[in-house]
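For reference, each letter of the sequence shown is one residue, going 961 to 1370 in our numbering.
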Amino acid sequence: MQRATFKVLFYVKHTKQLKDGTLPIFVRITVNNSRLEFGLQRSVGIGQWDSVKGMAKGKTKQIIEMNAYLETVKTNLYIKKRELEETGIGVTTESLKIAYMGLAVTQHTVLEVFKEHNENCKQLVNIDFAPGTIVKYQTTLKHLEYFIKKKMQRKDLSLPEVNAIFIKNFEIYLKTEGGCAHNSAVKHLTNLKKIMRSTVANGWLKVDPFANISFKLEDVDLDFLDEKELDMLIKKVFTIERIQQVKDVYIFCCFTGLAFVDVHSLCQQDLIENDGKIWIKKKRQKTKNWCNIPLLKPALEILEKYKDNPVCLKKGLLLPVLSNQKMNAYLKEIADLVGINKHLSTHTARHTFATTVTLGNQVSMEVVSKMLGHSSMEMTKRYARVVDDLINKDMQKVKLKFEHAMSASN
């Protein structure tokens, strides 16, 4: 385990001269470049302090006793430092001062606080937190535990030890040994940031270590089906029932924009009738925002197909949805069988609804945002940029076609 760098310095404050004309003695402790000072309730006369040696100068009995006291203070600080190190938690200037004063050191630690946060989230699952959110926090905690215990050779860290250097090193670990792409690493760091900010709010930490640190997600290509690919998939019929069911659920999501967790729990209570048309009115599990989605013909036909499905009737659900992992495994197989050279997943169906089905057919961004249950328009604008890029590419083809025709006529 890497030991903390540690220094003890004694000095007098000339600006704090006491009424009797003496100067108060202070001790400064430095741990890993973090400093803390406090008074020792001792003083010396002006001219009786050696600032180079950090001790009183002279040979009187009073001076000798003073220097012996300072040596005892220094020895006790080193003893308390070693005791704190043996806890496996680490040493900070604050914890060292508290230990020296003879008070109980009850410092909170990073892993302890993170675990408590996750346990609290579990109690509020499906109330304030979606199950997927809990999984993400747990994954961040696993990365953090590995980094602290295996890479830093520590049992845990005190909260003040989470500083800019630690954050940078954790980011490097996530992107290398942790096997995380940039955006995944940013999400883990954002989770840690939320935990650390809660410790500041609770008064356990004075300064937010993330205060001057910002992260930015990189734009990534959104996989979705274009009109031709969507039509190919709709027309493809599979003889294996399980594969056909996965395809149907996927197509349903392409025409409703529902995320996996929401289609998985879709039930009769989520359907309403409005102006003679059937709508989905459902609160998104992730954002708690309401989705209001008028059902198009392909989606209605799929609901009709499974209205008497034994599995659906038994569970009180509208569609026979497998687990997310199994769905994605089957979708990979389906893409190969249909001849779609794209990575299909439960989320690409949502992307397809946003781009090909709605924005690509001039549905306003505001309406699409409402149907998707987005928390802000910024989330929806990602899809609009994709559609704009597609329009630009198509117009480039038209431009080249006319330029070729004009050059041929000349």
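Positions of the beta carbon are idealized from the N, C-alpha and C atoms, including for glycine. Since the structure is predicted, the reported quantities are computational estimates derived from the model, not experimental observations.
Assuming Leu1277 and Leu1291 form a contact by the criterion Cβ under 8 Å, report the distance between their Cβ atoms to the nearest whole angstrom.
No, Leu1277 and Leu1291 are not in contact; Cβ-Cβ is about 20 Å, not under 8 Å.
Buried or exposed for Glu1054, going by 16 or more other Cβ atoms inside 10 Å?
With 16 or more Cβ atoms within 10 Å of its Cβ, Glu1054 is classed as buried.
Alpha carbon to alpha carbon, what distance is there between Ile1240 and Met961?
At Met961, the pLDDT of 45 sits below 50, so the modelled position is not reliable; the number obtained from the coordinates is stated separately. About 57 Å.
Could you check what DSSP says for Ile1203 in three-state terms: helix, strand or coil?
Three-state DSSP puts Ile1203 in a helix.
Rounded to whole angstroms, how far is the Cβ of Lys1265 from the Cβ of Asp1208, which I believe are closer than 8 Å?
Confirmed, Cβ separation roughly 7 Å.
Extract the residue ranges of the beta strand (DSSP E) inside the region 1214-1243, only unbroken runs of 3 or more that lie entirely within it.
List check, beta strand (DSSP E) in window: 1231-1234 and 1237-1243.
Could you pull out every unbroken beta strand (DSSP E) segment of at least 3 residues lying fully inside the region 1268-1339, listed in chain order?
The qualifying runs do not exist here; there are none.
Run the CB neighbour count on Ile1155, radius 10 Å, all protein chains shown included, and call it buried at 16 or more, exposed below.
The residue in question, Ile1155, is buried, as its Cβ has 16 or more Cβ neighbours within 10 Å.
Would a C-beta distance cut-off of 8 Å place Val1197 and Val1281 closer than the cut-off?
No, the Cβ-Cβ distance between Val1197 and Val1281 is not below 8 Å.
Measure the C-alpha to C-alpha separation of Asn1123 and Val968 and round it to an integer number of angstroms.
So the two alpha carbons sit approximately 22 Å from each other.
Threshold first: 4 residues or longer. Then list the alpha helix (DSSP H) segments lying entirely within the region 1014-1074, N to C.
1021-1046 and 1053-1060, all fully within the region 1014-1074.
Hey, would you say Thr990 sits closer than 8 Å to Phe966, going by beta carbons?
Yes, they are a contact pair.
Would you say Ile1211 and Ile1262 are within 8 Å of each other, going by their C-beta atoms?
Closer than 8 Å, so yes.
Have a look at the DSSP bridge pairing and note the partners of Glu997.
Paired residue(s): Arg988.
At which residue ranges does the region 1096-1145 contain complete alpha helix (DSSP H) runs of 4 or more residues, listed in the order of the chain?
Correct list: 1124-1135.
With three or more C-beta pairs closer than 8 Å as the rule, is the region 1127-1137 touching the region 1095-1108?
The answer is yes - the region 1127-1137 touches the region 1095-1108, with three or more Cβ pairs under 8 Å.
In this structure, does DSSP put Ala1196 in helix, strand or coil?
A small correction: the amino acid at residue 1196 is Lys; Ala does not occupy that position in the sequence shown. Coil, per DSSP.
Between Arg1310 and Gly1217, which are expected to be in contact by the criterion C-beta below 8 Å, what is the C-beta distance as a whole number of angstroms?
So it is a contact: roughly 5 Å between Cβ atoms.
Please tell me whether Thr1159 and Val1073 are closer than 8 Å, where the distance is taken between their beta carbons.
Cβ atoms of Thr1159 and Val1073: closer than 8 Å.
Would you kindly report the start and end of the unbroken alpha helix (DSSP H) that includes Leu1263?
Unbroken alpha helix (DSSP H) run through Leu1263: Lys1257 to Lys1265.
Tell me, please, whether the region 1164-1184 touches the region 1240-1256 by the rule of three or more beta-carbon pairs shorter than 8 Å.
With a cut-off of 8 Å, the region 1240-1256 and the region 1164-1184 do not count as touching, because too few Cβ pairs lie within range.
Given that a residue counts as buried once 16 or more other Cβ atoms are within 10 Å of its Cβ, and exposed if not, what is Phe998?
Burial call: exposed.
DSSP three-state call for Leu1152: helix, strand or coil?
The answer is helix: DSSP assigns Leu1152 an H, G or I state.
Identify whether Lys973 lies in helix, strand or coil by the three-state DSSP scheme.
In this structure, Lys973 counts as coil in the three-state DSSP scheme.
So what does DSSP say about Leu1177, is it helix, strand or coil?
In the structure shown, Leu1177 sits in coil (DSSP, three-state: anything other than H, G, I, E or B).
What number of angstroms, rounded off, separates the C-alpha of Met1088 from the C-alpha of Ala1219?
Going by the sequence as given, residue 1088 is Asp instead of Met. Going from the Cα of Asp1088 to the Cα of Ala1219 covers about 18 Å.
What residue does the beta strand (DSSP E) around Ile1253 start on, and which one ends it?
It spans Trp1250 to Pro1254 - the beta strand (DSSP E) in which Ile1253 sits, taken as one unbroken run.
From the DSSP output, in three-state form, read off Asp980 for me.
In this structure, Asp980 counts as coil in the three-state DSSP scheme.
Does the distance from the CB of Ala1059 to the CB of Leu1071 come in under 8 Å?
For Ala1059 and Leu1071, no; Cβs fall outside 8 Å.
With H, G and I counted as helix, E and B as strand and the rest as coil, what does DSSP make of Phe966?
Strand, per DSSP.
Does the Cβ of Leu978 have 16 or more other Cβ atoms within 10 Å, making it buried, or fewer, making it exposed?
Classification for Leu978: exposed.
Please classify Asn1151 as buried or exposed, where buried requires at least 16 other C-beta atoms within 10 Å of its C-beta.
By the neighbour-count rule (16 or more Cβ atoms within 10 Å), Asn1151 is buried.
Classify Ala1028 as buried or exposed, calling it buried when 16 or more other Cβ atoms lie within 10 Å of its own Cβ.
Flag for Ala1028 reads exposed.
Our contact map puts Lys1040 next to Leu1056 with C-beta atoms below 8 Å; I'd like the distance itself, whole angstroms only.
Confirmed, Cβ separation roughly 6 Å.
So, is Met1112 buried or exposed, given that buried needs 16 or more other C-beta atoms within 10 angstroms?
Looking at its Cβ environment, which holds 16 or more other Cβ atoms inside 10 Å, Met1112 is buried.
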